[in-house]
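Undergrad: Quick one: the structure is below, questions incoming.
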Amino acid sequence: MKMVAVYRAAGEAEAQIIKGLLDSNGIPCLLKSNASPSVHVFAVDGMGEVKVMVGESMAGKASELIGGEGHA
Numbered sequence: 001m002k003m004v005a006v007y008r009a010a011g012e013a014e015a016q017i018i019k020g021l022l023d024s025n026g027i028p029c030l031l032k033s034n035a036s037p038s039v040h041v042f043a044v045d046g047m048g049e050v051k052v053m054v055g056e057s058m059a060g061k062a063s064e065l066i067g068g069e070g071h072a
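Following the UniProt record's numbering, the numbering of the sequence shown begins with 1 at its first residue and continues without gaps.
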């Protein structure tokens, strides 16, 4: 199944909120981050960005639920 980004969160906490919204509406998702684990919880120039990924067939429904507030 092809996965697509439906939201770009500034950090892990924001991504977890979106994941919870999608999960509670029956849309499975994955969180993808290029940041290495750190004791510092902040993002600089998108380095802490976390992408919320869903199956391509669920992308439309996921985007509607999120309300277009993220930048996919």
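No residue lacks a Cβ here, since even glycine has one placed at the ideal position from N, Cα and C. Note that this is a predicted model, so its numbers are computed, not measured.
#1: Suppose you measure from the CA of M53 to the CA of L30; what does that come to, to the nearest Å?
#2: Which residues does DSSP pair with V52 in a beta bridge?
#3: Measuring only the C-alpha atoms, how far is V39 from Y7?
#4: Quick one: what does DSSP say G26 is sitting in, helix, strand or coil?
#5: Could you check the C-alpha separation between L10 and K32 for me, to the nearest Å?
TA: With the structure as the only source:
#1: So the two alpha carbons sit approximately 5 angstroms from each other.
#2: Answer is Y7, L31, bridged to V52.
#3: Here V39 scores only 48 on pLDDT, less than 50, and its place in the model should not be relied on; the value that follows carries that caveat. Note on geometry: alpha-carbon atoms of V39 and Y7 lie some 24 angstroms from one another.
#4: Coil.
#5: The amino acid at residue 10 is misidentified as Leu; the sequence shows Ala. Computed Cα separation, rounded: 12 angstroms.
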